[in-house]
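Just so you know, the sequence shown maps onto residues 59 to 709 in this note's numbering. First up is the structure itself, then whatever we jot down about it.
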Amino acid sequence: MIKADNIEYLPSGAVRGRRGYAKYTSSPLPGGDLAVSGLWRHYGLAGSEETSEGTNDWSNDSGVGTVSWTNPTFANQADQQPAEASLAADEISEYLTGATWGFSSIPDDARILGIAVQVLRCASQSGAGSIQDYEVRLGQQVGLPRGDNQASDSVWRVSENATPESSDYEEVWYGGRSELWGSLWTVARVKDPAFAAYISAQATGGAKDALIDQVYVWVYYSSDEDQKRFLVVRDEPEWENRRISEEYPDTPGAFRHVSNILITDYRPRFIFWPAKNKTFIFDGGLVLYYYNTEAFSVVSASEEGEVSLEPRTGPYACIHNERLWASDPNELNQSVYASAVLDETTWYPENQISVSDGVGGEITGLESYGGVLVILKESGVWAFAGDIENPISLNQISTIGCIAPATVAKTPRGIVFLARDGVYLTDGRDVYPLSDAIRPLFVNRTQDNIYPNAVGIYHRHRQMYYLNLEPATGTECYVMQELRVPTEEGDVLLTPWARISSLPFHAACTWDGPDDDGEIFFGSVDAYIYRGDYLGYYDNSPFRMEIQTPFRALSEDRRLGRAYHVKAHVRALNNTAGGIRYDQAESDNVSFTLDTSKAVPEFQHPRATITDQAEFGRFASVRLSNDVDGYQWEVHGVWLENRMRSIMQWR
59 MIKADNIEYL
69 PSGAVRGRRG
79 YAKYTSSPLP
89 GGDLAVSGLW
99 RHYGLAGSEE
109 TSEGTNDWSN
119 DSGVGTVSWT
129 NPTFANQADQ
139 QPAEASLAAD
149 EISEYLTGAT
159 WGFSSIPDDA
169 RILGIAVQVL
179 RCASQSGAGS
189 IQDYEVRLGQ
199 QVGLPRGDNQ
209 ASDSVWRVSE
219 NATPESSDYE
229 EVWYGGRSEL
239 WGSLWTVARV
249 KDPAFAAYIS
259 AQATGGAKDA
269 LIDQVYVWVY
279 YSSDEDQKRF
289 LVVRDEPEWE
299 NRRISEEYPD
309 TPGAFRHVSN
319 ILITDYRPRF
329 IFWPAKNKTF
339 IFDGGLVLYY
349 YNTEAFSVVS
359 ASEEGEVSLE
369 PRTGPYACIH
379 NERLWASDPN
389 ELNQSVYASA
399 VLDETTWYPE
409 NQISVSDGVG
419 GEITGLESYG
429 GVLVILKESG
439 VWAFAGDIEN
449 PISLNQISTI
459 GCIAPATVAK
469 TPRGIVFLAR
479 DGVYLTDGRD
489 VYPLSDAIRP
499 LFVNRTQDNI
509 YPNAVGIYHR
519 HRQMYYLNLE
529 PATGTECYVM
539 QELRVPTEEG
549 DVLLTPWARI
559 SSLPFHAACT
569 WDGPDDDGEI
579 FFGSVDAYIY
589 RGDYLGYYDN
599 SPFRMEIQTP
609 FRALSEDRRL
619 GRAYHVKAHV
629 RALNNTAGGI
639 RYDQAESDNV
649 SFTLDTSKAV
659 PEFQHPRATI
669 TDQAEFGRFA
679 SVRLSNDVDG
689 YQWEVHGVWL
699 ENRMRSIMQW
709 R
């Protein structure tokens, strides 16, 4: 589509008007008319619990691989009678799939914090090859894995006995206390008999047997009431006065300053660690702060002898392998540090990896995805596999770098970020372009446009990525959707873009809890917080929705012609305005109105006659718009009847 303003796409290929945005705060935040540069919705938990289950419901699933597991039900207990996949060189097993885990002890109103899969495994003594993970996933229904692949690159331990004994099996964990496997999990979903674990192995370098003796799934959860409130950081003329505001516990939308917290001139990164029940604030400052719903505090450094193991303060950070990982403000060109396991106070100097590439450029983001630590720099993308105490590999996977740190966002398919020439996605193995549809925003005939201050956020609930290229001065925003469109060859993933003409987006956060229905919130340059994806309208006024079809030849031999009729398949309340544009015209050559006015929204097939036959061309495009219907306006098809020297045809 040439123009797609204030609309969203439907899997059928239709479009509809975008839902509006409403103020969450009725008045500006305390401190005056200052831009929101950091926004976070903290969800405090009074404590966490854990439970584990095994299952007898094991089977083969042909979703990947070609080799079935022998005796799949033998994965139910540790008795040295394993499920077995006999693999030739480079062969991949099918999924060993376990379902019906139970988890009856988890309260129905609990919140899922993380999921881990515990596996007893080994490779056979015989055979010249080795065994590695191919995929380790969770699924919400049998036959449909979802979310991140937690497979490790490590080689499986080889049995010292022809018939493996208990000591030959190694215990391996995937996921963890705060790992949700790139998906959203509710109690109902993990209790569902269709909740499944999927394990696939591969042989490399020769034939080998993969043996799995037992699999357990652990679920970490909180059964206490969540305490949710916003934390806000504001831009101020002097960074020494740049403080955090906290939402009043019992008054949603009302805020107060937190006087003892100072933020540097980096945009802060908020990292919630469910296993610690704390939100950490990485801002590249002198100390690392955390918030536990009751108060802000400084993370105290642990000591060994006379050595203080000071926490790293970012400003870029993430949770990976049950550790905090962070950059250092004094070493932004090369260093990433890791804390001790489940310990934010201990940061050994030797727990460091270097991503110096000889080109220069600072680190601009850290994310954990698919068992890999992804390190974004201005000069490229790096991937670290393994753990800091047991590293496997560190590679630069691309020279396409991230120039806008605030655009980095984790999605189920990988990490989205903004480079010099557009938006890209990395899965820790390669980098893929996403923004060909809006490429002129970045590269055109006269100049290249670079947006280092751009901001972006992924709204998991709606599978949309929001991007504001100039947040300080503009409210124009671009939104990328992820759509799976069925075809004869199977589902195809599309990533179309649309423009939002006015969105108060200088900072943003999402709340992915099941009770909040995946809300998204935006912080504006004028000190307000807005609730997004809202049934009401932005500032009590609907968006103007407008679409324009691509220019198409009026005839196969590209003769001159005229549009004669327009018809559409529309769902609407009020009339739909339209226009015809010939030969790349930037404004309507002729205008028309589709009568779509109804008492209630309904599907209809309006038709309009083009009475002005003075205009003509070889190519034509149809433009449709609606100013008042909002998300109730849908367009499912547009057809144009052309007149070619007394020959009329629909195209």
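All C-beta atoms in this analysis are idealised placements derived from N, C-alpha and C, irrespective of residue type, glycine included.
1. Tell me the DSSP secondary structure of I446 in three-state form.
2. When you compare each of F354, R325, E352 and T351 to G342 by their alpha carbons, which one comes out closest?
3. According to the neighbour-count rule (16 or more other Cβ atoms, all chains shown, within 10 Å of its Cβ), is H564 buried or exposed?
4. For P222 and A265, I'd like the C-alpha separation in whole angstroms.
5. Helix, strand or coil for P529, going by three-state DSSP, please let me know.
6. Using 8 Å as the Cβ pair cut-off and three pairs as the minimum, do the region 418-431 and the region 454-469 touch?
7. Could you spell out the range, first to last residue, of the alpha helix (DSSP H) harbouring K249?
8. In terms of alpha-carbon separation, which member of D267, A254 and V290 lies closest to V273?
9. Is it the case that the region 211-226 contacts the region 142-152, given that we only count it when at least three CB pairs across the two stretches are under 8 Å?
10. May I ask you to list the residues that DSSP assigns as paired with G156?
11. Take F650 as the anchor and find which of T109, E389 and I638 has the nearest alpha-carbon.
12. Which same chain residues end up closer than 6 Å to E149 when comparing Cβ atoms and leaving out the 5 residues on each side of it in sequence?
13. What does DSSP give as the partner residue(s) for I668 in the beta ladder?
14. Would I329 pass as a contact of T244 if the rule is Cβ separation under 9 Å?
15. Would you call the CB atoms of T113 and A157 closer than 9 Å?
16. Roughly how many whole angstroms lie between the Cα atoms of A630 and Y427?
17. Suppose only complete runs of 3+ residues qualify. What are the beta strand (DSSP E) ranges in the region 578-628, listed by chain order?
18. Can you tell me whether DSSP reads I496 as helix, strand or coil?
19. Out of I377, I558, K334 and E436, which one is the CA nearest neighbour of M538?
20. Could you check the C-alpha separation between Y232 and A209 for me, to the nearest Å?
21. Which residues does DSSP pair with S355 in a beta bridge?
22. For V680 and chain D, any beta-carbon pair shorter than 9 Å?
23. Any idea which residues DSSP pairs G636 with across the strands?
24. Can you give me the Cβ contacts of V399 inside the same chain, cut-off strictly under 7 Å, excluding the 5 residues immediately before and after it?
25. DSSP beta-bridge partners for K81?
26. Relative to the C-alpha of D191, which candidate in R179, G185 and Q183 has its C-alpha closest?
27. I'd like the list of long-range same chain contacts for F161, defined as Cβ closer than 7 Å, with 5 residues on each side in sequence excluded.
28. Report the option in G472, C567, Y516 and E614 whose CA atom is closest to the CA atom of W16.
29. Any chance you could list the alpha helix (DSSP H) runs of at least 4 consecutive residues sitting entirely within the region 408-489, in chain order?
30. Per DSSP, F661 is paired with what?
31. Is P203 helix, strand or coil by DSSP?
32. For the beta strand (DSSP E) containing V275, list its first residue and its last residue.
33. Quick check: what's the CA-CA separation for S366 versus Y348?
34. Take the Cβ of I302 as the centre, count every other Cβ of all protein chains shown within 10 Å, and call the residue buried at 16 or more, exposed below.
35. Would you identify the three-state DSSP class for Q138, choosing helix, strand or coil?
36. Report the residue from V696, A678 and P69 whose alpha carbon sits nearest the alpha carbon of E614.
This is what the structure gives:
1. Reading the sequence shown from its first residue, position 388 is the one you call residue 446. Here I446 sits in coil by DSSP.
2. Here residue 342 corresponds to residue number 284 of the sequence shown, with the count starting at 1. Of the candidates F354, R325, E352 and T351, the one whose C-alpha sits nearest the C-alpha of G342 is R325.
3. If you number the sequence shown from 1, residue 564 lands on position 506. Buried.
4. Position 164 of the sequence shown holds residue 222. Position 207 of the sequence shown holds residue 265. Whole-angstrom Cα-Cα distance: 17 Å.
5. Working through the sequence shown from its first residue, we reach residue 529 at position 471. The answer is coil: DSSP assigns P529 none of H, G, I, E or B.
6. yes
7. Residue mapping note: residue 249 aligns to position 191 of the sequence shown, counting from 1. Element bounds for K249: V245 to K249.
8. Against the sequence shown, residue 273 aligns to sequence position 215. Closest option to V273, Cα to Cα, is A254.
9. no
10. Taking the sequence shown and counting its residues from 1, the one referred to as residue 156 is at position 98. According to DSSP, G156 bridges with W116 and A255.
11. Position 592 of the sequence shown, counting from 1, holds the residue named residue 650. Answer by Cα proximity: I638.
12. Position 91 of the sequence shown, counting from 1, holds the residue named residue 149. If we look at E149 and ignore the five residues flanking it on each side, its Cβ neighbours are V125 and A261.
13. Mapped onto the sequence shown, residue 668 falls at position 610. I668 pairs with nothing; no bridge assigned.
14. Position 271 of the sequence shown, counted from the first residue, corresponds to residue 329. Position 186 of the sequence shown, counted from the first residue, corresponds to residue 244. Against a cut-off of 9 Å, the Cβ pair of T244 and I329 comes out as no contact.
15. Here the question's residue 113 lines up with position 55 in the sequence shown. Here the question's residue 157 lines up with position 99 in the sequence shown. Yes, the Cβ-Cβ distance between T113 and A157 is below 9 Å.
16. Looking up residue 630 in the sequence shown gives position 572. Looking up residue 427 in the sequence shown gives position 369. The alpha-carbon atoms of A630 and Y427 are separated by roughly 42 Å.
17. 587-592 and 603-606
18. As a working note, residue 496 is residue 438 in the sequence shown. Helix, per DSSP.
19. Numbered from its first residue, the sequence shown carries residue 538 at position 480. Comparing Cα-Cα distances from M538 to each of I377, I558, K334 and E436, the minimum goes to I558.
20. The residue labelled residue 232 in the question sits at position 174 within the sequence shown. The residue labelled residue 209 in the question sits at position 151 within the sequence shown. So the alpha carbons of these two residues sit roughly 8 Å apart.
21. Taking the sequence shown and counting its residues from 1, the one referred to as residue 355 is at position 297. Its beta-bridge partners are Y348.
22. Protein chain content of the structure displayed is limited to a single chain, and chain D is not contained in it.
23. Taking the first residue of the sequence shown as 1, we reach residue 636 at position 578. In the DSSP output, where bridge partners are listed per residue, G636 has F650 and L682.
24. Mapped onto the sequence shown, residue 399 falls at position 341. Within the same chain, V399 has close Cβ partners E380 and R381.
25. In the sequence shown, residue 81 corresponds to position 23, counting from 1. K81 pairs with Y588.
26. Counting from one through the sequence shown, the residue named residue 191 turns up at place 133. Answer by Cα proximity: R179.
27. The residue you call residue 161 lines up with position 103 of the sequence shown. Closer than 7 Å at Cβ, skipping near neighbours: T109, E111, V248, K249 and V277.
28. Nothing can be reported for residue 16: it is not among the residues displayed for the chain, which extend from 59 to 709.
29. none
30. The residue given as residue 661 occupies position 603 in the sequence shown. Partner(s): R629.
31. The count along the sequence shown starts at 1 and reaches residue 203 at position 145. Residue state, collapsed to three classes: strand.
32. As a working note, residue 275 is residue 217 in the sequence shown. Note, V275: beta strand (DSSP E), K266 to S280.
33. Translated into positions along the sequence shown, residue 366 becomes position 308. Translated into positions along the sequence shown, residue 348 becomes position 290. So the alpha carbons of these two residues sit roughly 19 Å apart.
34. Your numbering for residue 302 matches position 244 in the sequence shown. With 16 or more Cβ atoms within 10 Å of its Cβ, I302 is classed as buried.
35. If you number the sequence shown from 1, residue 138 lands on position 80. DSSP places Q138 in coil when its eight states are reduced to three.
36. Here residue 614 corresponds to residue number 556 of the sequence shown, with the count starting at 1. Per the Cα distances, A678.
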